[in-house]
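One structure is given here, and the rest of the page talks about it.
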Ligand SMILES: Nc1c(NC[C@H](O)[C@H](O)[C@H](O)CO)[nH]c(=O)[nH]c1=O
Ligand SMILES: CC(=O)[C@@H](O)COP(=O)(O)O
C-alpha cells in the first residue's frame with residue numbers, strides 16, 4: 286500500500302470531479318491510500334506537488350486539471366507550462382501521472398474525463414503507479 290496525493294485544479298469543477306473519480310477508483314482498486322488537494326488552476330499544480338513531495342508524506346502524485354482553449358495565447362501558457370513543470374518534477378524522480386486535459390472544447394473534455402469513456406484520470410493514476418513501481422525496481 287502506498288500513499289498517493291491527487292492534486293486537482295478546480296478551474297472547471299464539474300470536469301475535474303469526473304477525472305478525480307477515475308483516478309481515485311484506479312488507485313483504490315490497487316489498494317492504495319488516496320488524499321485530494323485542491324488548487325485554483327493548472328498552473329498551481331506543479332508547485333503544490335513540489336511542496337507536498339518535499340513533506341515526505343506521499344509516495345506518488347496524480348495531477349488533475351482541464352485546460353480549454355480560449356481566445357488568447359493563455360491556453361499555450363497554461364497547458365505548456367504545467368506540463369513542462371510536471372515533467373521537470375518527474376525527471377527529479379517524483380512519481381507523477383499527468384491527468385491535465387488540454388482540449389478545444391468542453392465536449393472533448395467530457396469524453397476524456399468520463400471514467401466510462403476515455404478515463405484519463407484513471408490513466409494518469411496508472412502512470413503514477415507504474416513510475417512508483419519503477420522507483421522500487423531501481424532502488425537497490
Ligand atoms: N485557463 C485555465 C486556467 N487558468 C488559470 C491558471 O491555471 C492560474 O490559476 C492563474 O493563471 C493564476 O496563477 N487554469 C486551468 O486549470 N484551466 C484553464 O483552462
Ligand atoms: C486557458 C485558456 O485559454 C482560457 O481559459 C483563457 O481564455 P482566453 O484566452 O479567452 O482569455
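In the working numbering, the protein residues as written are 286 to 425.
No residue lacks a Cβ here, since even glycine has one placed at the ideal position from N, Cα and C.
Contact between residue 348 and residue 330 holds, with the beta-carbon distance rounding to 5 Å and staying under 8 Å. Distances from the CB of residue 356 to the heavy atoms of ligand 2 include at least one below 7 Å. Distances from the alpha-carbon of residue 357 to those of 301, 389 and 421 put 389 closest. When the beta-carbon positions are compared, residue 305 and residue 407 stay at least 8 Å from each other. Nearest to residue 296 by alpha-carbon distance, out of 419, 380 and 386, is 386.
Under DSSP, the beta-bridge partners assigned to residue 290 are 320 and 346. Relative to ligand 1, the beta carbon of residue 359 is positioned inside 7 Å of a heavy atom. The beta-carbon separation of residue 338 and residue 414, rounded to 16 Å, does not stay under the 8 Å limit for a contact.
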